[in-house]
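Novice: Before we start, here is the structure in question, set down as structure tokens.
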Amino acid sequence: MRTSGLVSPGSRWLVATAVVVLTIIVIRTWLLTPFTVVSDSMSPTLPTGSTILVERISRYWVEIDAQDLVLLELDDGPTVKRVVGVGGDRIEILDAVLHVNGEPVREDYVDSVTLDGVFFGPVDVPPGHVFVLGDNRFDSIDSRSFGPVSQDRVRGRVIVLG
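Written out as structure tokens, the structure is:
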């Protein structure tokens, strides 16, 4: 029996399935990747167990900016942090208040009561780097410990799902 066209009906189903699978792989690998938060360092914004999507493509044409939540690939694995400074910024914490370039930054997501009396810096962020902090400043290993992070280690921006 001869079928019209180049592909038999059974092969069309196989081709359609392959296209769908490849599309999902491309989206998860290069566009949107799901990620589960495994530490408490971003609480209350992202409590442990939160599911997020990491948008991976815009970082190639839109600069990373202060207040962006980003996924970083560090030596001990992936981690989510908030960018508080970019290349050329001076970062300092004075009595629990973040200062960028000498100006205090309002951070409603940080419980400053738990940080009363905390001082850090100043640190100048080199070009091509970001300075990141966890929202749970009392329980976060971040740029205060490991220094500014090269933008090459930023894997994408976080889309909060809830």
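The sequence shown: position 154 = 153 (numbering that gives the first Met the number 0), numbered continuously.
The C-beta atom is built at its ideal place from N, Cα and C for all residues, glycine as well.
This structure is a prediction, so every number in the text was calculated from the model and none was measured.
Let me know if isoleucine 90 comes out buried or exposed under the rule of 16 or more other beta-carbons within 10 Å of its beta-carbon.
Specialist: Translated into the one-based positions of the sequence shown, residue 90 becomes position 91. Flag for isoleucine 90 reads buried.
Novice: Give the secondary structure of serine 111 by DSSP, where H, G and I count as helix, E and B as strand, and everything else as coil.
Specialist: Residue mapping note: residue 111 aligns to position 112 of the sequence shown, counting from 1. In the structure shown, serine 111 sits in a helix (DSSP, three-state: H, G or I).
Novice: Pop quiz: valine 83 and valine 99 are said to be a contact at Cβ under 8 Å. What is the actual Cβ separation, rounded to whole angstroms?
Specialist: Against the sequence shown, residue 83 aligns to sequence position 84. Against the sequence shown, residue 99 aligns to sequence position 100. The pair is a contact, with the Cβ atoms about 7 Å apart (cut-off 8 Å).
Novice: How about the region 50-57 and the region 133-148: do they share at least three Cβ pairs that are nearer than 8 Å?
Specialist: No, the region 50-57 does not touch the region 133-148.
Novice: Does the beta-carbon of alanine 17 have 16 or more other beta-carbons within 10 angstroms, so that it is buried, or is it exposed?
Specialist: Here residue 17 refers to the residue found at position 18 when the sequence shown is read from its first residue. Per the 10 Å Cβ criterion, exposed.
Novice: Indicate the three-state DSSP secondary structure (helix, strand or coil) for serine 139 in the structure shown.
Specialist: Residue mapping note: residue 139 aligns to position 140 of the sequence shown, counting from 1. If DSSP states are grouped into helix, strand and coil, serine 139 belongs with coil.
Novice: Report the three-state DSSP secondary structure of aspartate 123 (helix, strand or coil).
Specialist: Here residue 123 refers to the residue found at position 124 when the sequence shown is read from its first residue. DSSP places aspartate 123 in strand when its eight states are reduced to three.
Novice: Buried or exposed: which applies to isoleucine 51, given that a residue is buried once 16 or more other Cβ atoms fall within 10 Å of its Cβ?
Specialist: As a working mapping, residue 51 is identified with position 52 in the sequence shown. With 16 or more Cβ atoms within 10 Å of its Cβ, isoleucine 51 is classed as buried.
Novice: Under 8 Å Cβ to Cβ from aspartate 39, same chain only, skipping five residues before and after it: list those, please.
Specialist: Walking along the sequence shown from the start, residue 39 turns up at place 40. Around aspartate 39: Pro46, Thr47, Asn135, Asp138.
Novice: Taking the C-alpha atoms as reference points, what is the distance between aspartate 74 and valine 112?
Specialist: By 1-based counting over the sequence shown, the position of residue 74 is 75. By 1-based counting over the sequence shown, the position of residue 112 is 113. If you take the alpha carbons of aspartate 74 and valine 112, they lie about 31 Å apart.
Novice: Alpha carbons only, please: which of Arg152, Ser42, Trp60 is nearest the one belonging to aspartate 107?
Specialist: For this step, residue 107 is matched to residue 108 along the sequence shown. For aspartate 107, the nearest C-alpha among the options comes from Ser42.
Novice: Considering only their Cβ atoms, is the gap separating serine 142 from valine 131 smaller than 7 Å?
Specialist: On the sequence shown, position 132 is the one that residue 131 refers to. On the sequence shown, position 143 is the one that residue 142 refers to. Cβ atoms of valine 131 and serine 142: closer than 7 Å.
Novice: Could you please give the first and the last residue of the uninterrupted beta strand (DSSP E) stretch that includes threonine 44?
Specialist: As a first step, residue 44 must be located in the sequence shown, where it is residue number 45. Run containing threonine 44: none; DSSP gives neither H nor E here.
Novice: Apart from the five residues just before and just after aspartate 67, which ones in its own chain have a Cβ nearer than 7 Å to its Cβ?
Specialist: As a position in the sequence shown, residue 67 is number 68, starting the count at 1. Excluding sequence neighbours, aspartate 67 sits near Val82, Arg156.
Novice: Can you list, in chain order, the residues of its chain with a C-beta nearer than 6 Å to that of proline 126? Leave out the 5 residues immediately preceding and following it.
Specialist: For the purposes of this step, residue 126 is taken as residue 127 along the sequence shown, with counting starting at 1. Same-chain partners within the cutoff: Gly86.
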